[in-house]
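There are 2 protein chains.
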Amino acid sequence: MEISRELVRTGSPKYVALANALAEQIRTTLAIGDPLPTERELQAGFGVSRDTVRRAIARLAAAGLVFNVQGSGTYVADPAQIRKGPRLTGFSQDMAERGLRASSRTLDCRIEPCPADTARALGVAEGSGVLLLRRLRLADQAPMALETARLLPGLFGDGLPDPEGSLDTQLAEHGQRIMRASQTITATNLTATEAHLLDQPVGAAALRVDRVGFTDRGRAIEATETLYRGDRYGYETAVERDPS
Amino acid sequence: MEISRELVRTGSPKYVALANALAEQIRTTLAIGDPLPTERELQAGFGVSRDTVRRAIARLAAAGLVFNVQGSGTYVADPAQIRKGPRLTGFSQDMAERGLRASSRTLDCRIEPCPADTARALGVAEGSGVLLLRRLRLADQAPMALETARLLPGLFGDGLPDPEGSLDTQLAEHGQRIMRASQTITATNLTATEAHLLDQPVGAAALRVDRVGFTDRGRAIEATETLYRGDRYGYETAVERDPS
DNA sequence: TATTGATATTGGTACGGACAAATCATCGAA
DNA sequence: TTCGATGATTTGTCCGTACCAATATCAATA
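Chains as they are written, first to last, in our numbering: chain A, 81 to 324; chain B, 81 to 324.
The structure is reproduced here in structure tokens:
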């Protein structure tokens with residue numbers, strides 16, 4: 081493997097720059113199963129410490145690009161097989177990655193008393209006012225999902241969000257970034273109302289995703305229930321074994 | 081926070097032992113939002129290097145137990161809100177964690193030609209012989225899921241696996257451990273045959289999980305399709321934002 | 001009182017070294 | 001040829017040090 085000896089750092093830490101450089105070289109010059117240069121070779125080649133090399137490789141391993149074998153080396157993983165784990169995305173980005181154009185039709189946008197289960201998830205008192213946003217989500221103009229979001233009040237200053245835009249983006253503009261979320265995925269048959277909105281036959285199978293979003297401080301700020309059309313949507317995820 | 085000064089190491093690395101010790105003390109003596117001792121305090125208290133302390137804390141952070149704030153400290157996260165990510169488990173263990181007793185009824189167990197899509201997932205030639213294992217999975221005696229597994233031949237020496245036992249356990253006994261898997265989750269309506277086996281009405285919504293299991297070397301050895309009853313099963317997962 | 005600015009504290013990055021554990025290549029013996 | 005021992009190689013763990021970046025604290029100032 082050819083080793084470039086200069087790292088481009090645009091404000092990011094050195095190990096991130098090194099990881100990017102390695103990822104690029106893996107894409108361009110290495111095949112699946114090929115070994116990377118040894119850590120000490122990389123250390124010498126890039127003129128960095130082994131600690132930095134190991135951090136960079138750990139980053140690639142976490143992304144599923146490579147895997148380590150103690151005593152042997154570090155090897156390029158199969159990108160077709162090792163899919164990336166589920167990333168936290170909004171609907172728009174999710175659709176974009178599937179090559180679909182996302183749009184939405186707002187069904188409801190107002191302050192309403194919080195139901196019990198949502199209140200528990202958000203850590204607020206039952207019946208206290210939360211922002212309700214109900215939207216029909218379209219992909220390439222055709223109905224894809226029915227989304228009911230409840231957010232803590234005051235996240236958008238005093239006003240309401242723009243129902244047409246990406247919630248995630250608007251939250252970020254107000255200094256609130258959802259860094260992690262917990263989801264429960266179930267299957268359900270559509271009711272008549274839901275089926276009509278989604279342009280599906282009554283009783284059709286739908287994927288129901290209940291999501292609670294947290295900031296990096298662990299504060300729950302958003303609870304969303306989404307009904308995806310079973311015939312159009314699949315949820316991809318990667319799981320790993322417990323360290324044991 | 082009280083700091084114990086002795087670490088119990090049962091073969092595991094020091095940072096793992098420290099992480100366990102910290103997790104225990106967090107459970108017993110700290111509340112949500114409380115700050116951990118500073119890294120330098122822990123370093124002195126346990127008599128280890130700061131590197132070891134940081135590794136231990138990184139482990140806890142990855143598990144969602146704590147979170148870091150640069151310049152401020154490390155704080156205890158809310159365990160009720162931050163659920164653990166999905167772990168790679170077999171059906172038996174999955175049910176056990178839900179407090180249900182798993183059993184199974186074998187519907188089919190033989191060698192058969194591999195269909196095209198599975199062949200691609202497993203990286204073998206289409207039509208080559210793979211081990212087919214079809215089982216009805218029961219939880220507390222009631223049908224829960226319909227599982228169709230295809231495995232590379234020869235994983236169990238020359239014979240077939242015991243259809244009643246845990247596949248995962250039997251694989252491990254033959255030196256094959258599935259370390260990661262990629263899954264696609266969809267919703268579907270049950271056919272008449274499937275519905276009958278699962279004791280559900282025809283057309284009931286079911287959660288379909290297509291899983292491909294890989295060894296730590298990235299080799300695919302198992303492809304499983306599982307139909308879970310929509311009224312009994314939910315899939316829980318945690319997602320995180322991309323590092324960006 | 002409110003704001004600013006200096007200073008200390010805390011986690012984040014980076015360097016260096018040493019040894020352990022797993023693996024691999026080699027060589028010798030059976 | 002086959003098997004096993006041996007030593008070299010490679011990743012994993014652990015230690016120590018130094019400095020950077022973000023945050024918190026508090027005194028000085030307007």
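Think of the CB as a built atom: it goes at the ideal place given N, C-alpha and C, for glycine as much as any other residue. Given the structure is predicted, the values throughout are model-derived calculations rather than measurements.
query	result
With 16 as the cutoff for other CB atoms within 10 Å, does Ile191 (chain B) come out buried or exposed?	exposed
Reducing DSSP to helix, strand and coil, say where Gln282 (chain A) ends up.	Sequence check: residue 282 (chain A) is Val here, not Gln. Here Val282 (chain A) sits in coil by DSSP.
So is Ile265 (chain A) in contact with chain B if we call contact Cβ pairs under 7 Å?	yes
In the DSSP assignment, find the unbroken beta strand (DSSP E) run with Tyr315 (chain A) in it and report its ends.	315 to 320
How is Ile162 (chain B) classed by DSSP in three states: helix, strand or coil?	Bear in mind that the predicted position of Ile162 (chain B) carries a pLDDT of just 48, short of 50, making it unreliable; the figure below should be weighed with that in mind. Coil at Ile162 (chain B), not helix or strand.
What are the residues in the stretch 304 to 318 of chain B lying within 8 Å of chain A by C-beta distance?	Tyr308, Gly310, Tyr313, Gly314, Tyr315, Glu316, Thr317, Ala318
Is the stretch 226 to 233 of chain B close to the stretch 304 to 315 of chain B, with three or more CB pairs under 8 Å?	yes
Does the beta-carbon distance from Arg139 (chain B) to Ala99 (chain B) come in below 7 Å?	yes
Compute the Euclidean distance between the alpha carbons of Glu119 (chain A) and Phe147 (chain A), then round it to the nearest angstrom.	13 Å
Would a C-beta distance cut-off of 7 Å place Ala272 (chain B) and Arg291 (chain B) closer than the cut-off?	no
What's the gap between the Cα of Gln221 (chain B) and the Cα of Leu213 (chain A)?	42 Å
Give the straight-line distance between the Cα atoms of Leu145 (chain A) and Val156 (chain A), rounded to the nearest whole angstrom.	6 Å
State the beta-bridge partners of Gly209 (chain B) as determined by DSSP.	B:Pro193
So which residues of chain B does Glu320 (chain A) contact, with C-beta pairs closer than 7 Å?	Leu168, Met259, Arg260
If we ignore side chains and look at the alpha-carbon of each, how far apart do Thr295 (chain B) and Glu320 (chain A) end up?	10 Å
What are the boundary residues of the beta strand (DSSP E) that includes Gln263 (chain A)?	260 to 269
Under DSSP, the alpha helix (DSSP H) around Thr90 (chain A) begins and ends at which residues?	Element bounds for Thr90 (chain A): n/a, residue is neither H nor E.
How far does the alpha helix (DSSP H) with Arg134 (chain B) in it extend, from its first residue to its last?	130 to 142
Beta strand (DSSP E) containing Gly203 (chain B): first to last residue?	From DSSP, Gly203 (chain B) is part of no beta strand (DSSP E); its letter is neither H nor E.
Would you list the residues sitting across from Pro223 (chain A) in a DSSP beta bridge?	A:Leu218
What separation, rounded to the nearest whole angstrom, lies between the Cα atoms of Gly203 (chain A) and Leu211 (chain A)?	14 Å
Could you check where the alpha helix (DSSP H) with Gly125 (chain A) kicks off and where it finishes?	119 to 126
Between Thr268 (chain B) and chain A, is there a C-beta pair that is closer than 7 Å?	yes
Taking 7 Å as the threshold (beta carbon to beta carbon), is Ser324 (chain B) in contact with chain A?	Annotation note: pLDDT 49 at Ser324 (chain B) (below 50); position unreliable, no value reported.
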